[in-house]
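Reviewing the structure listed below.
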Amino acid sequence: MVELTGQSLAAALDGLEKGRFSSVELTRAHLDAVEALNPTLNAYITVTAEQALTQAAEADAVRARGEAGLLCGAPVAIKDLFCTEGVRTTAASRILSNFVPPYESTVTAQMKRDGAVSLGKTNLDEFAMGSSNMTSAFGAVQNPWRRRGDDSPLVPGGSSGGSASAVAARIALAATGTDTGGSIRQPASFCGIAGIKPTYGRCSRWGTVAFASSLDQAGPLARTVEDCAILLRSMAGFDPKDSTSVDVAVPDFRAAVGRSVKGMRIGIPAEYRAPGMPEEIERWWQQGIAWLRDAGCEIVDVSLPHTRYGLATYYIVAPAECSSNLARYDGVRFGERVEADSLDALYERSRAAGFGDEVKRRILIGTYVLSSGYYDAYYLKAQKVRSLILRDFTEAFGRVDALLTPTAPSAAFGLGEKMSDPVTMYLNDIFTVPASMAGVPGMSVPVGLDSAGLPLGLQLIGRPFDEETLFALGSALEKAAGFDHLPALRAGAVA
Ligand code: GLN
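Written out as structure tokens, the structure reads:
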């Protein structure tokens, strides 16, 4: 019997096409797995079982008519930051805990158009602010991985931690994520799966709850590089409703998977070494370099000197934009309202009750750096440094086709760790933030386990709108690594 929840998205689509199982069977197997594992993982905030089964039955009918789209009948999960018509969308915040959007985000509308079945909405850090999923108003998410011989729960990374945990635990074939400073790549690395943040402007932001508009980008999380390629094809595309969406053709990313990487030039940036980074991350990085060399790539040392300012500038720009974006949650138009005698008091009380600590911290920082007198010293300066970060990448891409770096400076850590001061948590994003600041695409590919038995990923960074090179290189790394380890808590036993 085919193990319904253990297969890749590509294999599931093939099985559906060949009539080995129906979408209703596939969806039911996933819903059973969700029921068994979600109470522990807390990966989903909302499970839409009934809707999923209706969509699956429709998909079976559409396929029977010979009209199957790209994702027809595939059960996937949606980060609860994408607005879904008629289905509660919370951004993992108390302030949106009762928000039912009357519209569908462009990304999820395109997936629906292609026949995807939505299992539900996945948990995240509140408003996508975080690297551990600990800031969700709906509770922490668990990573399905455990350290060898140690049953204590670990974080899945963040902010797309629910999506990453669900995909790794086989309670979704694949999932959508968003990445503002690393929120697809870092959880992918922590959970032993693949994920790509495409070029800024590749996927529409319309209908996605905004965090930092000049950085936010949607992308897929899946168990294979090929599955990411399939899902991204559906998610991407020009949208006149988003003024930063770029009108370029969406290539068949899947065709780039497995393409020869012979003769490609791969840059190794000297600056991607963090103080205190475990030696084994360096070792896996060297292993990745060796694999790409064996595949025929030329390895070139490069320097991205402004990388060292990446984190500091990101944590000015992102809070600045968040403070402005989140001004709309005032208790009047959206979400929770706490009644008061005056309008000002209503705003204050609604926002005080509706936002969690991390979100409040960022609104305060953002408001401060945008305020008169500090704007030039912080915000404007950060924007200037941002241009220098982009210039580093542009110069490097004059010499190389892509860059290879570690994805994160550590493996998954324990639930509740790194919470004592915010900077310790922010350091997680040290390798992912520069590509976000520059708007260039980045992909994380699982390559191996550390000595505690936890997955580690490597990051490939590419030229703007050249995701195809990342798919070719990502699949070369994936093939060399042969990463086929399973997390301790997986749904395999269920279906
Ligand atoms: N961890 C980063 C932050 O906290 C990135 C989050 C994201 O990409 N959404 O801002």
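Heads up: the sequence shown begins at 11 in the working numbering, then just goes up one per residue. For every residue, glycine included, the Cβ atom is placed at its ideal position computed from N, Cα and C.
Is Arg269 near Ala482, with beta carbons less than 8 Å apart?
-> yes
Compute the minimum distance between the beta carbon of Met447 and the heavy atoms of the ligand GLN, and state whether it is under 7 Å.
-> no
Hey, would you say Leu519 sits closer than 8 Å to Ala78, going by beta carbons?
-> With the chain covering 11 to 505 only, the question about residue 519 has no answer from this structure.
Can the beta-carbon of Ala84 be found less than 8 Å from the beta-carbon of Leu19?
-> yes
Hey, how far is the Cα of Gly125 from the Cα of Val327?
-> 37 Å
Anticipated Cβ contact below 8 Å, Phe493 with Gly463, distance rounded = Wrong, their Cβ atoms sit about 13 Å apart, outside the cutoff.
Sorted by chain position, which residues of the same chain lie with C-beta nearer than 8 Å to Phe365's C-beta, five sequence neighbours on each side aside?
-> Ser103, Arg104, Ile105, Glu136, Leu336, Tyr339, Ile373
Within this structure, are the beta carbons of Leu413 and Ala406 separated by less than 8 Å?
-> yes
Helix or strand or just coil, what does DSSP make of Gly502?
-> Residue confidence for Gly502 is low, a pLDDT of 45 falling below 50, so the modelled location carries little weight; the figure read from the coordinates is stated next. Three-state DSSP puts Gly502 in a helix.
Assign Arg473 to one of two classes, buried (16 or more other C-beta atoms within 10 Å of its C-beta) or exposed (fewer than that).
-> buried
Out of curiosity, what's the CA-to-CA distance linking Thr442 and Gln393?
-> 18 Å
Arg98 versus Thr190 - alpha carbon distance | 22 Å
Indicate whether Ala185 and Pro154 have their beta-carbon atoms separated by less than 8 Å.
-> no
Run of the beta strand (DSSP E) containing Phe244, from where it starts to where it stops = Going by the sequence as given, residue 244 is Ser instead of Phe. Run containing Ser244: none in the beta strand (DSSP E); it sits in the alpha helix (DSSP H), 235–245.
Distance cut-off 7 Å: Thr188 Cβ against heavy atoms of the ligand GLN = yes
Exposed or buried, Asn438, counting other C-beta atoms within 10 Å across all chains shown (16 or more means buried)?
-> buried
Distance, Cα to Cα, Arg275 vs Val410?
-> 5 Å
Report yes if the CB atom of Val271 is closer than 8 Å to the CB atom of Val235, and no otherwise.
-> no
Alpha carbon to alpha carbon, what distance is there between Pro285 and Gly426?
-> 22 Å
Give a yes or no on whether the C-beta atoms belonging to Ala87 and Ala176 are separated by under 8 Å.
-> yes
Can you tell me which of Val310, Gly320, Gly192, Gly424 puts its alpha carbon nearest to the alpha carbon of Leu400?
-> Gly320
Hey, how far is the Cα of Gly467 from the Cα of Asp351?
-> 53 Å
Can you tell me whether DSSP reads Thr1 as helix, strand or coil?
-> Lying before the first or after the last residue shown, residue 1 is absent from the chain, which here runs from 11 to 505.
In terms of residues, what are the limits of the beta strand (DSSP E) holding Asp311?
-> 308–312
In its own chain, which residues sit with a C-beta less than 6 Å from the C-beta of Glu308, not counting the 5 before and 5 after it?
-> Arg275
Cβ of Gly320 versus every heavy atom of the ligand ZN: is any distance shorter than 7 Å?
-> As presented, the structure is devoid of the ligand ZN, carrying the ligand GLN as its sole ligands.
Which residues in the same chain as Val34 place their Cβ atom closer than 8 Å to its Cβ, once the five residues preceding and following it in sequence are excluded?
-> Leu63, Ala66, Ala67, Asp70
Does the ligand GLN have a heavy atom nearer than 7 Å to the CB of Asp494?
-> no
Check whether the Cβ of Met139 sits closer than 7 Å to any heavy atom of the ligand GLN, and report yes or no.
-> yes
Ala486 (DSSP reduced to helix, strand or coil) = helix
Would you list the one or two residues that DSSP bridges to Ala228?
-> Thr188
Should Asn48 be counted as a contact of the ligand GLN given a C-beta to heavy atom distance under 7 Å?
-> no
Can you find a heavy atom of the ligand GLN that lies under 7 Å from the Cβ of Ala328?
-> yes
Enclosing beta strand (DSSP E) for Tyr324 [first to last residue] | Where Tyr324 is concerned, there is no enclosing beta strand (DSSP E), although the alpha helix (DSSP H) it sits in stretches over 320–335.
Specify whether the stretch 145–154 and the stretch 52–60 touch according to this definition: at least 3 beta carbon pairs, one from each stretch, less than 8 Å apart.
-> yes
Please confirm if the stretch 441–455 is in contact with the stretch 193–208, defined as three or more CB-CB distances below 8 Å between the two stretches.
-> yes
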